[in-house]
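Structure, as structure tokens:
Residue numbers (this note's numbering): 107 to 281.
Quick look at the structure:
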């Protein structure tokens, strides 16, 4: 799809502070550096405060985000990594499971931009990672920022999503 242009939404504007956590795997260090630079630049352009943590690989990214959500104080997350196809089915496992993990966290209400590159070769990764090129890291940061803006627009829920009640009846009395 080289040469095809895509519409880019303008970055949201915030009146209250935004804390964004970038969770990234430096497995391919130069790709990592470009992705983080792009994500950081976009986040800071929107006025967000940014923190970066590193994990060993793409499979650890959803777990780290889940831990940060439970123990940290972030409004959104940016997942950055790179998975390059090899000679085994491990590529499929890493791509599918990291994506599934992020999707499940998103469905729980976390604001996550997925910038994990899943590519056939190093050259594809380099083109997509370039902060002054396709800037997929920056795109992931923008996605997280847009989700944060939607969350704020619709108002944060004070109860969980799903069927777990905040109170329940036990022996005829409400607990």
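Even for Gly, the Cβ is constructed at its ideal location relative to N, Cα and C.
Below 8 Å on the Cβ atoms is my contact criterion, and I expect residue i with residue j to pass it. Report the Cβ-Cβ distance as a whole number of Å.
{"i": "residue 237", "j": "residue 223", "result": "Not really, about 13 Å apart at Cβ, beyond 8 Å."}
{"i": "residue 183", "j": "residue 127", "result": "5 Å"}
{"i": "residue 200", "j": "residue 256", "result": "Not confirmed; about 29 Å, so no contact."}
{"i": "residue 239", "j": "residue 221", "result": "About 14 Å; that fails the 8 Å criterion."}
{"i": "residue 124", "j": "residue 153", "result": "7 Å"}
With a CB to CB cut of under 7 Å and the five nearest residues on each side skipped, what residues in its chain are close to residue i?
{"i": "residue 130", "result": "138, 141, 142, 158, 160, 186 and 187"}
{"i": "residue 203", "result": "165"}
What did DSSP end up calling residue i once you bin it into helix, strand or coil?
{"i": "residue 191", "result": "coil"}
{"i": "residue 152", "result": "coil"}
{"i": "residue 142", "result": "helix"}
{"i": "residue 256", "result": "helix"}
{"i": "residue 127", "result": "strand"}
{"i": "residue 136", "result": "helix"}
{"i": "residue 251", "result": "helix"}
Within the same chain, show all residues whose beta-carbon is closer than 6 Å to that of residue i, passing over the 5 residues directly before and after it, in chain order.
{"i": "residue 212", "result": "218"}
{"i": "residue 148", "result": "244, 247 and 248"}
Note down, in chain order, each residue of its chain lying with its Cβ closer than 8 Å to the Cβ of residue i, except the 5 sequence neighbours on either side.
{"i": "residue 115", "result": "248 and 252"}
Inset, instruction - Take every Cβ of the stretch 138-145, pair it with every Cβ of the stretch 169-176, and state whether three or more of those distances are shorter than 8 Å. - result: no
Legend entry - Ranges of the alpha helix (DSSP H) found wholly within the stretch 158-244, counting only runs of at least 4: Fully enclosed alpha helix (DSSP H) runs of 4 or longer: 166-177, 196-213 and 228-235.
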